[in-house]
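Its first residue numbered 267, the sequence shown is counted upward by one per residue in this note's numbering. This report concerns only the one structure given below.
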Amino acid sequence: MSSEEFTVTPWSVEGEIDYDKLMVKFGTEKISPELEARIEKITGEVHPMLKLGYFFSHRDLDKIITEYEKGNKFYLYTGRGPSGKIHMGHLLPWIFTKYLQEKFDVKLIFQLTDDEKFLYSDQKSMEDVKKFTEENILDIIAIGFDPKKTKILIDTKDIKRIYPIALEIAKRITFSTVKAVFGFENSTNIGMIGFPPIQAAPCFLPSIIEGKPTQVLIPAAIDQDPYWRVTRDIAEKMGYPKPAQIHSKFLPGLGMQGKMSSSIPETAIFTTDDDKTVDKKINSTFTGGQPTVELQKSLGANFAICPVFWYLRYFFDTEKKSDERARKCKSGGLLCGECKGNLKDATKPFLKEFQDRREKAKDIVDKFMFE
Ligand code: TRP
């Protein structure tokens, strides 16, 4: 694959992503300064993840805001495929979702697609997936979602809540559609082929819970967009509003390109990592630096491809600090060791606090479950 090429599906992200091209390919819209200003009027500020372009694209977010201005609240819907431990990359969209829940004072449905992860992996047993589901729930609760306004939906456990909707959806989507949209092949197992309606169903669950058409806003990384595309196509025919989306970019892993991956543990900082592990991983991370100090001082380095830079920008630096870091990096006035040091110093206390909340989450799991 040349560096110009990239592929994005819900199950694989490869190559150097050109997000502008991806928006054109998927048919989504860029979050405009005007839309940002309308959000700011409600939230009181522009969240750094919007301002710095981590959330960058949308479908119908403007409609959600228009309705909200008229006093019509929406539901948030997001999810997680419990295929492994939670790493820092997973936390960003959840932190943003919690912020939206707080600022807009809205309810949230959080789906755990244990079925999907069982079907997708040749190696994983249902027990493996169940273990990750239980572990991941602690991370989700540790984010701080409001237990009165949040329900966690586990597919295999709560299937009766979504199966009737999933059936209505499934009946309206053909094999040739999912083949084209999701890239399924003849060798794909039929569980996977039949799975998309299960992830689509929670888009309509709020309308059923509320007993009236209810708008849904989905914060998710843009790789999940294929689901919403097929769901939007049939929503109105089924009498539901089209689900709206706000799309994030991928957080680079500490390896080369692509998203941080739990399946390559050295490239991911897990929420359960201790100080020593964090130091080790950050010490050996890929950066945008030159091979030698001399070259770096004379040529400068490439912050745009540097995961250390992006971690600091999205999690810890202020905008001003981050812009300054970028400028210094480019001009050769900053060596990678310094940025790595900054990232280690910021990550360790952040994880300590998170682990504390994760421990406390164990006592309140029931509050988040559908009965
Ligand atoms: N399929 C997603 C994953 O593998 C999980 C998921 C289910 C999801 N519903 C969602 C993600 C809604 C975002 C929004 O991670």
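Cβ coordinates follow ideal geometry from the N, Cα and C atoms, glycine included.
- Uninterrupted alpha helix (DSSP H) stretches at least 4 residues long and entirely within the stretch 332-386 occur at 354-370 and 380-386, given in chain order.
- With at least 16 other beta carbons inside 10 angstroms of its own, Val544 counts as buried.
- For the ligand TRP, a non-hydrogen atom lies closer than 8 Å to the CB of Ser349.
- In this structure, Thr363 lies near Leu374, with their beta-carbon atoms less than 9 Å apart.
- Just so you know, the alpha carbons of Glu625 and Thr422 end up roughly 25 Å apart.
- With a cutoff of 8 Å, Arg325 does not count as near the ligand TRP, since its C-beta is closer than that to no heavy atom of the ligand.
- Judged by the Cβ position, Thr416 fails to qualify as a neighbour of the ligand TRP at the 8 Å threshold, every heavy atom of the ligand being at least this far.
- No heavy atom of the ligand TRP is found nearer than 8 Å to the CB of Gln621.
- For Pro485, the uninterrupted beta strand (DSSP E) run begins and ends at Val482 to Ala487, by DSSP.
- Distance from Pro276 to Tyr493 at the Cβ level is roughly 7 Å; contact confirmed, criterion being Cβ atoms closer than 8 Å.
- In the three-state DSSP reduction, Arg438 falls in the coil class, being neither helix nor strand.
- Rounded to the nearest whole angstrom, the C-alpha separation of Gly460 and Lys383 is 13 Å.
- In chain order, Phe292 place their CB closer than 6 Å to the CB of Asp491, counting only its own chain and leaving out the 5 sequence neighbours on each side.
- In the DSSP annotation of this structure, the continuous segment of the beta strand (DSSP E) that includes Glu280 starts and ends at Ser278 to Gly281.
- Distances from the CB of Pro485 to the heavy atoms of the ligand TRP include at least one below 8 Å.
- Taken through DSSP and simplified to helix, strand or coil, Val312 comes out as coil.
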